[in-house]
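Novice: Take a look at the following structure, please.
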Ligand code: SF4
């Protein structure tokens, strides 16, 4: 597996204490991306392929995963595969998920949901939990801000419900792009149709992304946006107050 980062003792990538493997490559090109080092193709002609990524065999992934077993057991944690988009490496991913299941280690996948529907089903049904990122309901805007339409993403979102795969939905709150009332009410209607959702994470904008883009010498099209203040965050949260699952506002 091509991995550009491994984060141990992660508390924000699923339940409990986790080890998160960040896999390289993403078919989307969100203008707010906080992991620009995961890109294969970057905005304009600049390339970020100088960022370090390393190839790990499945044995090595399992070995690293097992190093923190006592912490997973104590906290209800496990392993998360994030990115980039982990489904791009679906063959290795399925193998890793199966091996970790044999070791009785809880697994989660953090995905944009942008994948062929058959492939998506084959991967997610091998995981214990899916962290599904929903960004924009309107397909035109989705294409404008992420580079791809959301048709496959919505189809795959319904598949999670059909296949009863435990799901945490994550909505990145990008000022004036995804955090508008119009978008959030539309996404709420979509969420209410999925019976597999256990939790909704609303993710306030992280303005620290600007410095990362500067360091990597990549143009950041939305530089200068500010994190939502407490009043704005409470207004956003109130949109979802009557949904039948837990909501978190992660700052
Ligand atoms: S889906 Fe995630 S990793 Fe891929 S470009 Fe968008 S924000 Fe970045």
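Residue numbers (the numbering used here): 5 to 255. Even glycine gets a Cβ: it sits at the ideal position worked out from N, Cα and C. Note that the coordinates shown come from a computational prediction; the quantities given were computed from them, not determined experimentally.
With respect to 7 Å, is the separation between the Cβ of residue 116 and the closest non-hydrogen atom of ligand 1 below this value?
Specialist: Yes, Cβ of residue 116 sits closer than 7 Å to a heavy atom of ligand 1.
Novice: Return yes when the Cβ of residue 179 is within less than 8 Å of the Cβ of residue 232, no when it is not.
Specialist: A contact, by the Cβ cut-off of 8 Å.
Novice: Verify the contact flag: residue 211, CB atom, against every heavy atom of ligand 1, threshold strictly below 7 Å.
Specialist: No, since every heavy atom of ligand 1 falls outside the 7 Å radius drawn around the Cβ of residue 211.
Novice: Can you round the beta-carbon distance between residue 156 and residue 118 to whole angstroms, since I take them to be within the 8 Å contact cut?
Specialist: Contact holds; Cβ gap of about 6 Å.
Novice: Could you tell me the distance, in whole angstroms, from the CA atom of residue 128 to the CA atom of residue 161?
Specialist: Each residue's alpha carbon lies about 11 Å from the other.
Novice: So is residue 187 buried or exposed if we call it buried at 16+ other beta carbons inside 10 Å?
Specialist: Per the 10 Å Cβ criterion, buried.
Novice: With respect to the beta strand (DSSP E) encompassing residue 176, which residues constitute its N-terminal and C-terminal limits?
Specialist: Element bounds for residue 176: 171-177.
Novice: Per DSSP, what kind of secondary structure is residue 54 in: helix, strand or coil?
Specialist: Low local confidence applies: a pLDDT of 38 at residue 54 is under 50, so the model's placement there is unreliable, with the coordinate-based value given in what follows. Coil, per DSSP.
Novice: Measuring only between beta-carbons, confirm whether residue 58 sits less than 8 Å from chain B.
Specialist: No chain B is part of this structure, which consists of one protein chain only.
Novice: Would residue 17 pass as a contact of residue 114 if the rule is Cβ separation under 8 Å?
Specialist: Their beta carbons are under 8 Å apart, which means residue 17 touches residue 114 by this criterion.
Novice: Among the candidates 9, 36 and 8, whose CA atom is the shortest distance from the CA of residue 211?
Specialist: The shortest Cα separation from residue 211 among 9, 36 and 8 belongs to 36.
Novice: Let's test the definition: count the other Cβ atoms within 10 Å of the Cβ of residue 176 and tell me whether it reaches 16, buried, or not, exposed.
Specialist: It counts as buried.
Novice: Between which two residues does the alpha helix (DSSP H) containing residue 219 stretch?
Specialist: Here the alpha helix (DSSP H) through residue 219 covers 213-220.
Novice: Quick check on this structure: which residue in 10, 195, 145 and 96 has the alpha carbon closest to the alpha carbon of residue 126?
Specialist: It is 96.
Novice: Using the three-state DSSP reduction, which class does residue 112 fall into: helix, strand or coil?
Specialist: Correct three-state label for residue 112: strand.
Novice: Distance check for residue 6 and residue 89, CA to CA, integer angstroms please.
Specialist: Straight-line Cα distance between these residues: approximately 11 Å.
Novice: Are the CB atoms of residue 194 and residue 141 within a distance shorter than 8 Å?
Specialist: Yes. Within cutoff.
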